Structures are given as structure tokens and as C-alpha cells.
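Here's the structure, in C-alpha cells; my notes come after.
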Amino acid sequence: DEALKGAKTAGSQFEKIFLNDLEIKPCQAECSDYCKKRGYCKINDDMAPLYDKLFESDVIILATPVYWYGPSAQLKTFIDRWYAFCHPKHVHKMKGKKFVLIAALEETDKSAAQPLVNMIKKSLDYLDSKFYVKLLVSAGEKGEVKKNEQAMKEAYKIGLKLKL
Numbered sequence: 208d209e210a211l212k213g214a215k216t217a218g219s220q221f222e223k224i225f226l227n228d229l230e231i232k233p234c235q236a237e238c239s240d241y242c243k244k245r246g247y248c249k250i251n252d253d254m255a256p257l258y259d260k261l262f263e264s265d266v267i268i269l270a271t272p273v274y275w276y277g278p279s280a281q282l283k284t285f286i287d288r289w290y291a292f293c294h295p296k297h298v299h300k301m302k303g304k305k306f307v308l309i310a311a312l313e314e315t316d317k318s319a320a321q322p323l324v325n326m327i328k329k330s331l332d333y334l335d336s337k338f339y340v341k342l343l344v345s346a347g348e349k350g351e352v353k354k355n356e357q358a359m360k361e362a363y364k365i366g367l368k369l370k371l
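Reading the sequence shown from the start, the letters are residues 208 to 371 in the numbering used here.
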């Protein structure tokens with residue numbers, strides 16, 4: 208939320224989407240030809256309107272806890288459903304978009320988040336999008352991130368730099 212406060216201060220327009228409030232079904236391998244041929248996913252769920260929101264955005268902030276060296280299940284499912292972008296009519300729509308990764312991890316060694324960072328970077332490279340910046344915060348208990356003044360300042364500064 209602190210990055211969004213910074214973005215608001217900078218005069219940016221944005222929408223916060225909490226994936227846990229949505230019903231997004233996992234990508235189904237048998238649908239892959241459907242996505243490639245038609246350019247959209249045939250699964251009818253809450254992901255459908257998010258495609259256009261992604262296409263219309265200049266900057267996307269991905270925020271997640273780190274679970275087992277990767278993203279939350281909700282974020283992973285969301286990213287897996289980007290498979291529909293492989294269609295020629297969509298692949299260019301993600302080109303050049305900036306992505307920010309904000310992740311909280313229990314370990315004090317932030318390199319434990321490297322598998323997550325690598326996954327995001329590889330996915331964005333494939334879509335010709337840009338990995339703009341990351342903020343990794345060590346935190347064990349729920350609410351601990353908000354108590355980390357340095358992390359809150361960094362997140363706010365990231366938001367200020369974004370032109371959303």
C-alpha cells in the first residue's frame with residue numbers, strides 16, 4: 208500500500224486488485240491451442256476482465272509473500288493465465304510495460320527470493336516487458352512489514368517514481 212500512496216502523491220491513477228478476492232482458475236493445459244488460436248482464454252472466471260486491465264496499464268505492481276521460494280498461489284495462477292498473451296494479436300500489448308515486484312519473505316537472507324525474482328524476470332523477458340524494480344523485505348509475522356520504516360520509505364519512493 209505504501210507504493211500506492213507514493214503513486215497517489217505523484218498524481219498517478221491506479222487500481223488496486225487483490226487477487227485473493229477473485230476467482231481465478233488455474234491454466235488448463237488442454238486449453239493451450241485454444242489460447243494460441245483465438246487469443247483469449249476459454250475459462251470464464253474473474254481473470255477475463257484483468258486481461259484488458261493489463262493491456263491498458265503502463266506499470267504493474269506485483270506484491271506477494273514468498274512461499275517456498277516462489278510467489279503465492281494466487282499470483283502464480285494469475286501469471287500462468289498470461290499464456291493467452293502468446294497469441295500474435297496480444298503479444299505486442301505487453302511490450303515495454305514496467306513491472307515492480309514487492310515481496311515479503313521470512314528469511315533474513317534475501318537471496319531466498321531469487322527463484323521468485325528469476326521466474327518474474329523470465330516471464331517478463333518472454334513478453335518483452337521490463338522488470339523495473341524490486342523491493343524485498345524480510346518479515347516473519349503478519350503485519351511486520353508495515354513496522355519496517357525503511358521498507359515503507361523505499362516502497363513510497365518507488366511509488367513516487369512511477370508514472371501510472
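In this text, a Cβ means the ideal position worked out from N, Cα and C, and glycines have one as well. From a predicted model like this one, the values you see are computed outputs, not experimental measurements.
### Beta-carbon spacing of A346, V352 below 8 Å
yes
### Task
Please classify Y247: does DSSP put it in a helix, a strand, or coil?
coil
### Query
Using DSSP with H/G/I as helix, E/B as strand and the rest coil, what is L331?
It is helical.
### Check whether I365 and F285 have beta carbons under 8 Å apart
no
#### Entry: Sufficient close CB pairs (3 or more, under 8 Å) joining the region 249 to 256 to the region 302 to 314
no
### Reduced DSSP secondary structure (H/G/I, E/B, other) of S345
For S345, the three-state secondary structure derived from DSSP is strand.
### Query
Using the rule of at least 16 other Cβ atoms within 10 Å of the residue's Cβ for burial, across every protein chain shown, is P295 buried or exposed?
exposed
### Per DSSP, cross-strand counterpart(s) of F306
I267, F338
### Message
If you follow the alpha helix (DSSP H) that P295 is in, where does it begin and where does it stop?
### Response
295 to 298
### Query
Exposed or buried, what is W289 when buried is set at 16 or more other beta-carbons lying within 10 Å of its beta-carbon?
buried
### Message
Measuring straight from C-alpha to C-alpha, what distance separates F306 and A214?
### Response
14 Å
### Selection from E356, E348, V298, N325 that minimises the alpha carbon distance to K244
V298
### Message
Taking its Cβ as the centre, do 16 or more other Cβ atoms sit within 10 Å of E361, making it buried, or is it exposed?
### Response
Under this definition E361 is a buried residue.
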